[in-house]
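Q:
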Amino acid sequence: MTIATGDSVTLEYTGRLDDETVFDTSRKSVAEETGLAEAQPDREYAPLTVEIGDEQIIEGMEEGLIGLEAGETETLTIPPEKAYGEPSDENIQEFETEELREMLGGQTPEEGSYLEAQNGSQGEVIHVDEEVVRVDFNPRLAGETLTFDVEIIDVN
């Protein structure tokens with residue numbers, strides 16, 4: 001049975017960047033080999049189940065799964081426009097240092113640290129001085145071409 005919109009698909013996957021760095025996987029053995037398991041000790045590594053067409057995964061992954069069958073393995077290369085898009089200056093926000101310090105209970109954020117916005121998005125602090133703090137809320141993988149090795153476990 002080939003995968004089509006509306007199907008529930010269970011798959012194993014490993015995602016890599018152009019430089020072969022593994023940024024995500026469903027396989028515990030790969031996570032242990034690459035240091036991801038150590039970086040995310042509370043994460044459970046297990047096959048992923050998604051509904052095709054529900055936009056639960058990036059567009060390029062969803063498109064790449066359509067037409068595959070249970071038991072099949074495939075390597076999907078996904079350009080930024082079908083993944084997390086290109087970085088945008090609109091996603092960099094400025095805050096007054098003193099105002100942000102008050103919001104953080106008196107602490108001044110450091111460059112390289114991460115803040116969570118009220119909407120739950122994560123931003124990296126990219127500039128701090130006495131006047132202003134700049135936080136980059138672009139997705140971590142914005143601008144990246146992603147390669148996924150996928151193995152289709154089940155299709156319903």
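Each residue of the sequence shown is one higher than the last, beginning at 1 in the UniProt record's numbering.
Just so it is clear, CB atoms sit at the ideal spot from N, CA and C, and this is done for glycine as well.
(1) Using the Cα positions of V22 and R140, report the straight-line distance between them to the nearest angstrom.
(2) By DSSP's criteria, S8 is part of a beta bridge. Which residues make up the other side?
(3) Evaluate contact between the segment 65 to 73 and the segment 143 to 155, counting only Cβ atoms and requiring at least three cross-stretch pairs below 8 Å.
(4) State the Cα-Cα distance for the pair L65 and I3, rounded to the nearest angstrom.
(5) Rank G112, Y114, I57 and T97 by C-alpha distance to the C-alpha of G106 and give the top, closest one.
(6) Going by beta carbon distance, what residues of the same chain come within less than 7 Å of P47, once the five residues before and after it are set aside?
(7) Leaving out five residues on either side along the sequence, give the residues of the same chain with a beta carbon under 6 Å from the beta carbon of F95.
(8) Exposed or buried, what is D89 when buried is set at 16 or more other beta-carbons lying within 10 Å of its beta-carbon?
(9) Quick one: measure Cβ to Cβ for P41 and G60, integer angstroms, because I've assumed they're closer than 8 Å.
(10) What's the gap between the Cα of A31 and the Cα of T14?
(11) Could you name the residues that DSSP lists as bridge partners for F148?
(12) Tell me, please, which residues DSSP counts as bridged to E115.
(13) Just curious, the alpha helix (DSSP H) that T34 is in, first and last residue?
(14) Report all residues from its chain with a CB closer than 6 Å to the CB of S121; omit the five preceding and five following residues, and keep chain order.
(15) Residues bridged to Q107 by DSSP?
A: The answer reads as follows:
(1) 14 Å
(2) E51
(3) yes
(4) One C-alpha to the other measures close to 7 Å.
(5) T97
(6) T10, L11, E12, S26 and I153
(7) V133
(8) D89 is exposed by the Cβ-count criterion.
(9) With 8 Å as the limit, P41 and G60 do not qualify as a contact, their Cβ atoms being about 29 Å apart.
(10) 9 Å
(11) G15 and L76
(12) Residue identity differs from the one stated: residue 115 is Leu in this sequence, not Glu. G123.
(13) K28 to T34
(14) F137
(15) The partner list for Q107 (beta bridge, DSSP) is empty, contrary to what the question assumes.
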